[in-house]
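Accompanying notes for the structure given below.
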Amino acid sequence: MESLIGLLVAAPLLGAAVLLLGGRRLDRAGHWFGLAMAAVSFVLAVALFFDLLDRAGEERTLHQHLFSWVPVADFRADVAFQLDQLSMTFVLLITGVGTLIHLYSVGYMEHDERRRRFFGYLNLFLGAMLLLVLADNYLLLYVGWEGVGLASFLLIGFWQHKPSAATAAKKAFVVNRVGDVGLSIAILLMFTTFGSFAFAEVLPNADSASEGTLTGIGLMLLLAACGKSAQVPLQSWLGDAMEGPTPVSALIHAATMVTAGVYLVVRSGAVFDAAPDAQTVVVVVGAVTLLFGAVVGCAKDDIKKALAGSTMSQIGYMMLAAGLGPIGYVFAIMHLVTHGFFKAGLFLGAGSVMHGMNDEVDMRRYGGLRTYMPVTFVTFGLAYLAIIGFPYLSGFFSKDEIIYAGFSKGGTEGWILGGVMLLGAALTAYYMTRIMLMTFFGEKRWQPDANGHEPHPHESPLTMTVPMMVLAGGAVAAGFVFDAGESFVHWLEPVTGLEHGDSPVSHGQVSIAATAVMVLGVAGAWFQYGRRPVPVVAPTGSLLTRAARRDLLQDDFNHAAFVQTGSYLTRGLVYLDHKLVDGVVNGTAASFGGLSGRLRRIQNGFARSYAVSMFGGAAVLVAVTLLMRAV
Amino acid sequence: MSTLTTLAAETSTSTGEAVQFWILAPLAVLGGLGTLLLRRAVHSALCLAGTMVLLALFYLANGAYFLGVVQIVVYTGAVMMLFLFVLMLVGVSAADSFKETLAGQRWLAAACGLGLGLLLIAGIGQASTGSFTGLAEANGGGNVEGLASLLFTRYVVAFEVTGVLLTIAALGATLLTHRERVERNKTQREQAEERVRSGVQLPPLPAPGVYARHNGVDIPGLLPDGTPSELTVNPTLRGRGQVREVHGQALADLAALEQRTSAYQGRPSPAGPAPRGTALGGAAAPGDGAVSTDAEEARK
Amino acid sequence: MNPQNYLYLAALLFTLGASGVLLRRNAIVVFMCIELMLNAANLALVTFSRMHGNLDGQIMAFFVMVVAAAEVVVGLAIIVMVYRSRHSASVDDASLMKL
Amino acid sequence: MSFPLLTATAVAPALGAVVTAAVPAARRTTAKWLAFGFSLLTLALAAAVVLRFDTAPGADRFQLTESRSWIPDFGVRYELGVDGIGVAMIALTAVLIPFLIGAGWNDADPVEGEAPANRRWRPTQGFFALILMVEAMVILSFAATDVFLFYIFFEAMLIPMYFLIGGFGDRAGEQGEEGQARQRSYAAVKFLLYNLAGGLVMLAAVIGLYVATADQLPEGTFSLQAILEARQSGELDFAADTERWLFLGFFLAFAVKAPLWPLHTWLPNAMGESTAPVAVLITAVVDKVGTFAMLRFCLGMFPEASEWATPVVVGLALVSIIYGALLAIGQRDMKRLIAYASISHFGFIVLGVFAMTSQGHGGATLYMINHGIATAALMLVAGFLIARRGSRLIADYGGVQKTAPVLAGTFLIGGLATLSLPGTGPFVSEFLVLVSAFSRWQAVGIIACTGIVLAALYVLLLYQRTMTGPVKAGLEKLPDLRVREIAVVAPLIVLLVFLGVYPKPLTEILDPAVEHTMSDVDRTDPQPQHDVSEVEAAE
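Protein chains in written order, with this note's numbering: chain X, 5 to 635; chain Y, 321 to 620; chain B, 305 to 403; chain U, 106 to 644.
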């Protein structure tokens, strides 16, 4: 069975290679091939899943050692895979959602002449992501980590002719690179501490290292996670990443890649458990991002950016949960999976809407679309209910569990965390309802686009709607499945461990409170957007609103802090390099030239003056010899 | 010869040699100074020749008889003559001006000269060895034989090479000074035509000197009217300012001659001098005859 | 008397010759001064041979003479050529030995 | 004595140079094919070297050795021999040259219309002959185990390089023809002076080395092996400051060659003005001799001095890393940008060399190879692009990927390799260097890590500005890569990916050599604070 793991990764990579190198002759059928590859890996994943289910809880870990990668002295990095329940969960999510979104893209990218390359990139992403979650050591994980970064770079900038897209792609990659530095430093620390960076050798011995070191490792891992999962302070790239085609946003920037950070933290749980300080930081980051994303989500008029804000916020939940340690790991992953379903669903819905609206993204130009695209409306609506935590839909379970875990952290922290998360829940309900209302309800507000095409909304083709239905189904059902007999908990427990903190409040109370704040949020949104007509041109709004529209000034800050100073620095250095470093050299050369020019004068061409120097020299020689003999 | 060998055999120099040295050395130095300081190249050459002769004497005194002779024969004899020849080619009379043209050259030269001299002398003084071995046994079999035996045994290769060197030098000298004739030389006829075309002095130049008494090349011949002719004397002489002036004497002779003839014919001497032109004119014919007789006398 | 005096004399003559080379402009005179230097050297050699009691010094002097002769021949020839071409025997007129 | 394989490997290109240069003016194509053939022959011989090289644990350090007396009076011998590092570098050289020749296929053709100076005017022949000559010199200096011999080739390779830089600039300058000529000669002279200056100091050190050995050994020697053995056996032990002076003498030359801040300014000029293949030749082949020599000579012969100088050298290396990257970001000229990127990379290499751990030395050597290939890929594609548009200014480009997708793709891959993306060769080497630096001095490792981000910046900025966005005016008809160009770039990319995924063959060749260098400097790798194995033993 183990040998299948390699195939799992290989299939999409093969697809990518074929599609990207294949050339134009593949243009016609290429996308089907890509879809097939994704499907193959999904099938393999399912097969492996059942293979795991057959085993007992502890033997549910498969290893496959392919070859030794970089052996230099006692530095040993192998290309080896480890498939345990945690990886399996991700593999299923990735391949499943991935396959669906491949299918969706077949319809969505129909009219793009570079569709073949798009599928190539998607396959590349799948391969890298699977590598990330299947690696059995951090260095190989790093490869996948950067791989998905590359794929996201390529896909965000897929429409490269748009400068905005190109810039966004570059921004995403660079910001991620900052995170990657964290990951590499963490790996370096592991190597110097444990002499290895394989999960099997680092994690079991984590507690043997000093807490300081572990805190360092933890913080560096967190930095990496922040970069990949768009957590404060490295969150700025996610909003711009929406420049990419919508399927990309759904797959990479909602369901899978951005959750890699959570995977990293949960995977390195052992390290964090031994480093409480690091954990606290993780929790704080999670909490801050949670609110940050929610606030941003409330202000955006661009449907995708609003959803991006929501993504940040939801991942904030997961981070927070992961920061809680064994209390929260399981629920972090659980929320991650459910979020994968409904957020992907939401994005696909948004994509379908844009598909029908000439790629219009401003929600103020939508309105009343429910009659025009019913399927989209229903699926989107279900996903919406799921995310706001409507009772007995998937979001309800996962989020409540996290909130409960937050409370069960105990003490004031518990109350603070719980409160923050409830607030977040309210905001979630608010902005999601806002999106819902602005898009599907109210009177139609759309207008001709730049080149005068009157949009005539229509339902999307089957290739697009089917995935949406499936995901909506997932969004509805996942909660039940996971909660039924705590199956999910038992599934993950052997890997992540599970503790039950002492919560001051009971599960029931949490659920009630969550539902209550959810209702509050929905009501608030309805009062603002449901009752009165939505203005086509955004009102100036309060200071907070305007700040939130500008992503709470994060970009302005980054620009002032890094971009500006950086450009000044580089320009200054270029000047210095030319004037100072080079100037010294050229100056020396010039001075030598001048000197020799002067010395040349001595050569006046008169034989007699040469003779003088000759005899002078002779005299000197005689003098020297005499002196020598005298001495 | 034997005396000379004994002289060289002494290991400490005789007073005789000392006397000789103290007399001759200053002269040699004077010669050197002369070579250095005299303005006319010829004089420098002569001074140098003198110095060389003196040096030859010193060689002899040092028991280098062969070299002494060679010095006189080769140097003073051949080399210096060569110098003088070249000087003639270049112009004997040309005298250098001692006005220094190179800035500071003179001072530098003085400094170098003095410095070098002092240093050398100091060096010799430092290297002073009280005693010395004379050439007694070295010259035992005669100086020339000794040299010869060395020259043809140990130094034979060098000797041969110098021979080659001399040959090459001779060749080189001829090669350098030889001038390739570019155009064929003119025939007499062409030369004559050329002269006619240029229209200067077709007949041969008139002879210098007049009236038998003075036919030196430095006296210009007189034209029939008694004026001296420039053509008759060598321009070089004139350039050197060595042309003797003729007028007074010639006219006096003329007057004397006229008196004698008038006395011989018994007619009274004319009152007052006849107008010059006619007198000369009249005197011209016999003058010519006299010249011819003069020439005859000169031939005898 | 110590034959070193000969050496002193040689040094003196040599210096005179050297100064002559430096001071005089007439190529021929310069040449003569060089000859003077050579002769001074010869005198020294001869004296040395006497001091050391072997004839090698004289041999050297002999070779010097020969070479000097050769040199004079060629040198004078050169002077004559130069004189022909530029009607002057002044060493300063040929100041072309510069860039 | 067996067949002198190393000599043959070096003689082949030299012979090729002579033959190529002799081709008559009219037969340009013949000359090109001849040069290409000879470079392939060299490649074959180099392959033979790799195969003949024995990586078994017990094998001698220097293999395929040849030794003939040359100048007995000074103990100068014609001694060749390779350890794993040398083998790897020779292989790199031999692999790259054919691609460079292929890439520069038309670079040296006389411009149409301009009448040749005379009938015997043969720029093309000269161009390829010079390249082959450089190859010969480089291979010899990689193989020489006699310091004096090494010095000779180290200097001799300047001559052909000088003519390559000064004589064959790319025809895409900012200012007119004569302006370019001025720039070119300036660059060439600068290159020559810098390297000569360094070389002369080194010559002094070489002589000093002879004297120093003559003091202690029965007779002075230049033989690296002899010196190393003498050091090991302890019969040769320099006085502290003697050793330091000698070290400085050698190091200066190598620091100029592998441009280390602040001796780097010749590189941007040289690479900017010369044609792309020559630029690659400079940075990927010739400069490697410098870093290689640091590893082999400086560390091998003067371990104490190297240790003494380490703080300064490491500092300079860090400065080079950051400084080079920042300047790369600030460049307006594509080729100068790549040049500054190379400076940054050389910083990494030097860092790896002087971290004095096995990972460092192995990583540095891997880095030399990977950087060679990666820069070759990037620079050659850039060269193709420049040749098409006739401008080196980044600002003149935009939206190229629309009109020439393949070109853009290869350019991107080259760029990603340059920013050492995992999965490409440079990642492995860079990470090894980081590991070594970090395990010696944590702070240094962390600072070096920032270089990663900067690398991403300059590469992606370059890509974004040139390849993406709306198509710039004048680029609408930009032709995509031709078959020849693809044939040049594709293998390099394959190589990059292969080395990124499976560098094991290379590391196997390197490992013994690395162990030897480690024993030269007798340092051991820093042990992890909590060695897992002993922890497990404790449990």
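Using N, Cα and C, we set each Cβ at its ideal position, and we do this for glycine too. Bear in mind that the values here come from a model prediction, so they are computed numbers and not experimental data.
Residues of chain X with CB closer than 7 angstroms to the CB of Gly443 of chain Y, please, in chain order. Counted from its first residue, the second sequence places residue 443 of chain Y at position 123. The contacting residues are Val626, Leu630.
State the CB to CB distance for the pair Met5 of chain X and Leu66 of chain X, rounded to an integer number of angstroms; the pair is presumed to be in contact (CB under 8 angstroms). One-based indexing of the first sequence puts residue 5 of chain X at position 1. One-based indexing of the first sequence puts residue 66 of chain X at position 62. That pair is a contact at about 6 angstroms.
Within chain Y, the residues that Leu326 of chain B reaches when beta carbons sit closer than 9 angstroms: In the third sequence, the residue the question calls residue 326 of chain B occupies position 22. The contacting residues are Gln425, Arg426, Leu428, Ala429, Ala430, Cys432, Gly433.
Around the C-beta of Leu25 of chain X, are 16 or more other C-beta atoms found within 10 angstroms, so that it is buried, or is it exposed? If you number the first sequence from 1, residue 25 of chain X lands on position 21. When all chains shown are included, Leu25 of chain X counts as exposed.
Do you know offhand how far Ile392 of chain X's Cα is from Met522 of chain X's? One-based indexing of the first sequence puts residue 392 of chain X at position 388. One-based indexing of the first sequence puts residue 522 of chain X at position 518. Their backbone Cα atoms lie some 7 angstroms apart in a straight line.
Rounded to the nearest angstrom, how far is the Cβ of Ile454 of chain U from that of Ala469 of chain U, given a contact under 8 angstroms? As a working note, residue 454 of chain U is residue 349 in the fourth sequence. As a working note, residue 469 of chain U is residue 364 in the fourth sequence. Indeed, because the Cβ distance is near 5 angstroms, the residues count as touching under 8 angstroms.
Asp560 of chain X vs Ser240 of chain X beta-carbon contact at 8 angstroms: For the purposes of this step, residue 560 of chain X is taken as residue 556 along the first sequence, with counting starting at 1. For the purposes of this step, residue 240 of chain X is taken as residue 236 along the first sequence, with counting starting at 1. Not a contact, by the Cβ cut-off of 8 angstroms.
Pick out whichever of Y:Glu550, Y:Phe405, Y:Ser334 has its Cα sitting closest to the Cα of Pro528 of chain Y. Locating residue 528 of chain Y in the second sequence gives position 208, counting from the first residue. For Pro528 of chain Y, the nearest C-alpha among the options comes from Y:Glu550.
Met572 of chain U classed as buried or exposed, judged by whether at least 16 other C-beta atoms fall within 10 angstroms: The residue given as residue 572 of chain U occupies position 467 in the fourth sequence. Met572 of chain U is buried by the Cβ-count criterion.
Where do the N-terminal and C-terminal ends of the alpha helix (DSSP H) with His106 of chain X fall, by residue? As a first step, residue 106 of chain X must be located in the first sequence, where it is residue number 102. It spans 89-112 - the alpha helix (DSSP H) in which His106 of chain X sits, taken as one unbroken run.
Leu470 of chain Y versus chain B: which residues are under 8 angstroms apart at the beta carbon? Translated into positions along the second sequence, residue 470 of chain Y becomes position 150. Here the neighbours are Leu359, Asp360, Ile363.
Tell me which same chain residues have a C-beta within less than 8 angstroms of the C-beta of Gly592 of chain Y, skipping the five on either side of it? Counting from one through the second sequence, the residue named residue 592 of chain Y turns up at place 272. Residue confidence for Gly592 of chain Y is low, a pLDDT of 46 falling below 50, so the modelled location carries little weight; the figure read from the coordinates is stated next. Same-chain partners within the cutoff: there are none.
Indicate the three-state DSSP secondary structure (helix, strand or coil) for Val634 of chain Y in the structure shown. In the structure displayed, chain Y extends from 321 to 620; residue 634 of chain Y sits before or after that span and is not available.
What are the start and end residues of the alpha helix (DSSP H) that includes Ile176 of chain U? Taking the first residue of the fourth sequence as 1, we reach residue 176 of chain U at position 71. It is not in any alpha helix (DSSP H) - Ile176 of chain U instead sits in the beta strand (DSSP E) that spans 168-176.
Own chain partners of Arg596 of chain Y with C-beta closer than 6 angstroms, once the 5 adjacent residues on each side are dropped: Within the second sequence, the letter at position 276 stands for residue 596 of chain Y. Low confidence applies here, because Arg596 of chain Y scores a pLDDT of 44, under 50, leaving its location unreliable; read the following figure in that light. There are no such residues.
Taking buried to mean at least 16 other C-beta atoms within 10 Å of its own C-beta, is Ser417 of chain Y buried or exposed? Numbered from its first residue, the second sequence carries residue 417 of chain Y at position 97. Under this definition Ser417 of chain Y is an exposed residue.
What is the rounded straight-line gap between the Cα of Val540 of chain U and the Cα of Ala81 of chain X? Position 435 of the fourth sequence, counted from the start, is the residue given in the question as residue 540 of chain U. Position 77 of the first sequence, counted from the start, is the residue given in the question as residue 81 of chain X. So the alpha carbons of these two residues sit roughly 12 angstroms apart.
Closest Cβ-Cβ distance between Val378 of chain B and chain X: below 8 angstroms? Numbered from its first residue, the third sequence carries residue 378 of chain B at position 74. With 8 angstroms as the cut-off, Val378 of chain B does not count as an interface residue toward chain X.
Cα-Cα separation, Leu656 of chain X to Glu535 of chain U: Because chain X in this structure spans residues 5 to 635, residue 656 of chain X falls outside the shown range and cannot be described.
Closer than 9 angstroms by beta-carbon distance: list the chain X residues that pair up with Ala322 of chain B, in chain order. For the purposes of this step, residue 322 of chain B is taken as the residue at position 18 of the third sequence. Ala615, Phe619, Ala622, listed in chain order.
Taking CB distances under 8 angstroms as the criterion, tell me whether Tyr607 of chain U reaches chain X. On the fourth sequence, residue 607 of chain U is found 502 positions in, with the first residue counted as 1. Interface residue, yes.
Tell me whether Pro53 of chain U is buried or exposed, calling it buried when 16 or more other Cβ atoms sit within 10 Å of its Cβ. Coverage of chain U is limited to positions 106 through 644, which leaves residue 53 of chain U absent and any answer about it impossible.
Chain U residues whose Cβ lies nearer than 8 angstroms to that of Ser188 of chain X: Taking the first residue of the first sequence as position 1, residue 188 of chain X is located at position 184. By Cβ distance, chain U contributes Phe536, Leu539, Cys554, Ile557.
Using the Cβ count rule (16 or more neighbours within 10 Å means buried), how would you classify Arg633 of chain X? Within the first sequence, residue 633 of chain X is the residue found at index 629, counting from 1. When all chains shown are included, Arg633 of chain X counts as exposed.
Selection of the segment 594-612 of chain X by Cβ proximity to chain Y, strictly under 9 angstroms: Asn608, Phe610, Arg612
Rounding to the nearest angstrom, what Cα-Cα distance links Arg64 of chain X and Phe492 of chain X in this structure? In the first sequence, residue 64 of chain X corresponds to position 60, counting from 1. In the first sequence, residue 492 of chain X corresponds to position 488, counting from 1. Their Cα atoms are separated by approximately 14 angstroms.
With DSSP as the reference, label Leu400 of chain B as helix, strand or coil. Locating residue 400 of chain B in the third sequence gives position 96, where the first residue counts as 1. Of the three classes helix, strand and coil, the one that applies to Leu400 of chain B here is coil, per DSSP.
Would you mind telling me which residues of chain Y sit closer than 8 angstroms to Leu400 of chain B, beta carbon to beta carbon, in chain order? Walking along the third sequence from the start, residue 400 of chain B turns up at place 96. Residues of chain Y passing the Cβ test: none, with the nearest at roughly 15 angstroms.
Using a Cβ-Cβ cut-off of less than 8 angstroms, list which residues of the segment 363-384 of chain Y approach chain B; keep chain order. Ser364, Ala365, Leu368, Thr371, Met372, Leu375, Phe378, Tyr379, Asn382, Gly383, Ala384
Does the structure place the segment 352-359 of chain U close enough to the segment 395-408 of chain U that three or more beta carbon pairs sit under 8 angstroms? yes
At a CB-CB cut-off below 9 angstroms, which residues of chain B make contact with Gly437 of chain Y? Taking the second sequence and counting its residues from 1, one reaches residue 437 of chain Y at position 117. Near Gly437 of chain Y (Cβ distances below 9 angstroms), the residues of chain B are Ala315, Leu316, Phe318, Thr319, Leu320, Ala322, Ser323.
Determine whether the beta carbon atoms of Ala4 of chain X and Gly151 of chain X lie at a separation below 8 angstroms. What the structure shows of chain X is the stretch from 5 to 635, and residue 4 of chain X is not part of that stretch, so it cannot be assessed.
Starting from His363 of chain Y, trace the alpha helix (DSSP H) in both directions and tell me its first and last residue. Within the second sequence, the letter at position 43 stands for residue 363 of chain Y. Start and end: 361-381.
What do you get for Tyr142 of chain X, buried or exposed, if any count of 16 or more other CB atoms within 10 angstroms of its CB means buried? On the first sequence, position 138 is the one that residue 142 of chain X refers to. So Tyr142 of chain X ends up on the buried side.
Looking only at its own chain, which residues have a Cβ that is under 8 angstroms from the Cβ of Gly428 of chain X, when we skip the five neighbours before and after it? Counting from one through the first sequence, the residue named residue 428 of chain X turns up at place 424. Taken in chain order, the residues that qualify are Leu294, Leu295, Ala298, Ser317, Gly320, Tyr321.
Give me the chain B residues within the contact set of Glu337 of chain Y, using Cβ-Cβ distance strictly less than 9 angstroms, ordered along the chain. By one-based count along the second sequence, residue 337 of chain Y stands at place 17. Within 9 angstroms Cβ-Cβ: Met305, Pro307.
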